[in-house]
Every structure is written in structure tokens, then in C-alpha cells.
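Residue numbers (the numbering used here): 2 to 331.
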């Protein structure tokens, strides 16, 4: 199969062009802001500047945050433009409503800060567009995306699998219930997908993880090593784990990432909540026991914290070791 030629035959996920976005929302492009803490800081700094120009806001930022890396006007402008697109600032960088009221410069996000940012996530039309993909890739459904609510995404959405087939950034998407693949071709949109995931995971709206730890490939022509999955997190509710395992698996020795993934696929719970629940059931249920493994075995030479976290993400940690296999006592 010639992957680069065949990918052009896949249907495209629906997205407004810049021209269409300008007509409907008076917004002309995407934001590329990954750091939510920095966004909060630039907003707070802009409030301290009387004559609100990019030059003055840049100067004030570097004065107040002198221990940090010096920023240029171009970077400050990127954050200011984002705040304008989010309707936090007007085009003159004024704000007539207070946001991040209890936020402090160079400090981590508070609960109130997170509420403000979650509100932005569920209102900003580009985030809403990408969120609608989790419900349906149908272009006719996309026409209704502006009316979708937080509840629609959380309770009526699906898992979305994604990977890079021809580009450095994500360009191909798959669904459980559709056999065909869907693509995006705009390089700016590909980068924005990463921004979308960063916001969603930071705010604990979205869950995402790589599927390389699974033993069987999800899709016949795609290796799990390149495949990841994302979904909107539903509030956790306890369920009968023993009954679930007996229904999903035909063996008493079950690879732990498969357990975690099957639960996530069925219920769309946050992975930390799933792992905590599995550990509590092991401690509570005589029918469950487990086999352990060490971090050294799982990380296989990975030496960055990000790589280590990714390699161990689907393995619950119990008594200073990781659970590799869940065992059903029969």
C-alpha cells in the first residue's frame, strides 16, 4: 500500500476555513498557546499597564519576571492575540471584566483559574469544532457544532484514535464504529490539534494515551506504537470489576494495560481514577491478585520524565512496584 497516495482518498474531518470562520465568528485563525499558566500571567500583566501597547506589556513582563527567560514582543503578541480571540481582552487589550482574580504571577493555576480556562475551552469556537469530532465526523453534524454544550461532549462523545501517517504532526483519525479513516491536511490545523490536547489534558477535560503497551493492534494495518487515543472524561462511578473482567476476557491472566484500556473504552473514565479503583478492588476482593514488575523493565532505557510517565501510564503502582498482570482466582 502506498500510504502517501492512499491517504488523499480518505474523507476529511470537517473544519471551517479562515474565511468561513471570519464571517461567522469574526476570528481569523488558530491559537498556538500551550502554556495556560503563561496565558494567565500575560493577562495579569496587561492589567498593570496603563498604556496598553505590545511594547509596554513586553517591557512590564520582563521587569516583573526578570528571573525567567526574556520574552520578545512577537511572543507577547501571540498571547495577547489569543486573549483577544478568547474574548478576555478587546482589540485594544483592555478588559472590562476581571478574570483570574486570585491568580498570582508565576504561580501555578488555582481552582478559580482552571474554571476560567475550562469556560474558554468550551466556548472558543475552534476548540468546539475539534470537540465535535468526538461525537461525529459527519459534515452535516459539524454545521451544528456551535450549539453543542459541555454535557454533549462529556456524555455523548466517543473515543477518537489518531496518529501521523505522512506528516510529523497528527493527520489521520479513526473511530471504533467507522471502518474508514479520516484525515486533516492543513498543517496549521495539525499543530492546533496538539494545542487542543494540551488544553484538554491540563484542564482534566480530556484523557489521552499511546497504545504501544497493548499486546494486540487495535487496527489491522496500524501498529499500536504509532497510535494514540483521546476522549472526553466522564465522572467516575464504581462498577463490578469482576463481572466486567469475566465478560471482556477469556483468561485468568490479564495484561494490565488491556484491563485499563478496556475500562477506558467502555466508560471513558480518567486513567488515574481507573488505576486507583483497580488497586482498591485488588485489596478488597479475594478473587483478584496480581503480578508485579519494576519500573526498569517498563521504561526500557527511557531517561526523560515524560517518556517514563508515558511508559508506565497504564500500569497501576502498588507498594513501590507496578502491576503488570491482573489474575482472576477461579
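Note that the Cβ used here is the ideal one computed from N, Cα and C, for glycine as well.
If you're wondering where the values come from, they're calculated on a predicted model, not measured in any experiment.
Notebook entry, point to check: Between the Cα of residue 239 and the Cα atoms of 205, 149, 278 and 269, which residue gives the shortest distance?
Noted result: 278
Notebook entry, point to check: Helix, strand or coil: how does DSSP classify residue 261 here?
Noted result: helix
Next item on the list: Could you give the DSSP three-state label for residue 219: helix, strand or coil?
Entry: coil
Notebook entry, point to check: Which full runs of the beta strand (DSSP E) of 3+ residues lie inside the segment 100-184, going along the chain?
Noted result: 161-164, 173-176 and 179-184
Notebook entry, point to check: Between the Cα of residue 177 and the Cα atoms of 263, 147, 140 and 171, which residue gives the shortest distance?
Noted result: 263
Check: Between the Cα of residue 334 and the Cα atoms of 133, 160, 319 and 308, which residue gives the shortest distance?
Finding: What is shown of the chain runs 2 to 331, which leaves residue 334 out entirely.
Checklist line | Beta-carbon spacing of residue 132, residue 158 below 9 angstroms | finding: yes
Notebook entry, point to check: Are the beta-carbon atoms belonging to residue 205 and residue 191 less than 9 angstroms from one another?
Noted result: no
Notebook entry, point to check: What whole-angstrom Cβ distance do residue 71 and residue 58 have, given they're in contact under 8 angstroms?
Noted result: Their Cβ separation, rounded to whole angstroms, is 14 angstroms, which puts residue 71 and residue 58 out of contact at 8 angstroms.
Next item on the list: Can you grab the Cα-Cα spacing for the pair residue 102 / residue 38, in whole Å?
Entry: 14 angstroms
Item checked: Expected contact under 8 angstroms - CB spacing of residue 43 and residue 77 to nearest Å -> 7 angstroms
Margin query: Please state whether the Cβ-Cβ distance between residue 292 and residue 324 is less than 9 angstroms.
Written below: yes
Notebook entry, point to check: In whole angstroms, what separates the C-alpha of residue 258 from that of residue 315?
Noted result: 5 angstroms
Notebook entry, point to check: Using DSSP with H/G/I as helix, E/B as strand and the rest coil, what is residue 48?
Noted result: helix
Notebook entry, point to check: If we count Cβ pairs, one from each stretch, closer than 8 angstroms, do we get three or more for the segment 303-312 versus the segment 230-238?
Noted result: no
Checklist line | Spatial distance of residue 144 from residue 194 (CA atoms) | finding: 19 angstroms
Next item on the list: Hey, could you find the ends of the beta strand (DSSP E) residue 246 is sitting in?
Entry: Run containing residue 246: none in the beta strand (DSSP E); it sits in the alpha helix (DSSP H), 242-249.
Notebook entry, point to check: Would you report the Cα separation of residue 183 and residue 299, rounded to the nearest angstrom?
Noted result: 32 angstroms
Checklist line | C-beta contact flag for residue 107 and residue 32 at 9 angstroms | finding: no
Margin query: Which of the three DSSP states is assigned to residue 98 in this structure?
Written below: coil
Notebook entry, point to check: For residue 64, which option in 47, 80 and 79 has the closest C-alpha, if you only look at C-alpha atoms?
Noted result: 47
Margin query: Looking at residue 162: is its Cβ nearer than 9 angstroms to the Cβ of residue 220?
Written below: yes
Next item on the list: Just the C-alpha distance for residue 121 and residue 198, rounded to the nearest angstrom, thanks.
Entry: 14 angstroms
Note to self: Pull the bridge partners of residue 13 from the DSSP assignment, please.
What the structure shows: 184
Notebook entry, point to check: Is it true that the CB of residue 187 sits closer than 9 angstroms to the CB of residue 16?
Noted result: yes
Next item on the list: State the beta-bridge partners of residue 231 as determined by DSSP.
Entry: 161 and 209
Check: Using the rule of at least 16 other Cβ atoms within 10 Å of the residue's Cβ for burial, across every protein chain shown, is residue 270 buried or exposed?
Finding: buried
Next item on the list: Under 7 angstroms Cβ to Cβ from residue 92, same chain only, skipping five residues before and after it: list those, please.
Entry: 85
Margin query: Considering just the uninterrupted stretch of the beta strand (DSSP E) at residue 292, what are its terminal residues?
Written below: 289-294
Check: Below 9 angstroms between beta carbons: does that hold for residue 207 and residue 218?
Finding: no
Next item on the list: Using only alpha-carbon positions, find the residue among 201, 97 and 196 that is nearest to residue 123.
Entry: 201
Notebook entry, point to check: Is the beta carbon of residue 312 sitting closer than 9 angstroms to the one on residue 231?
Noted result: no
Check: With DSSP run on the structure shown, which of helix, strand or coil describes residue 276?
Finding: helix
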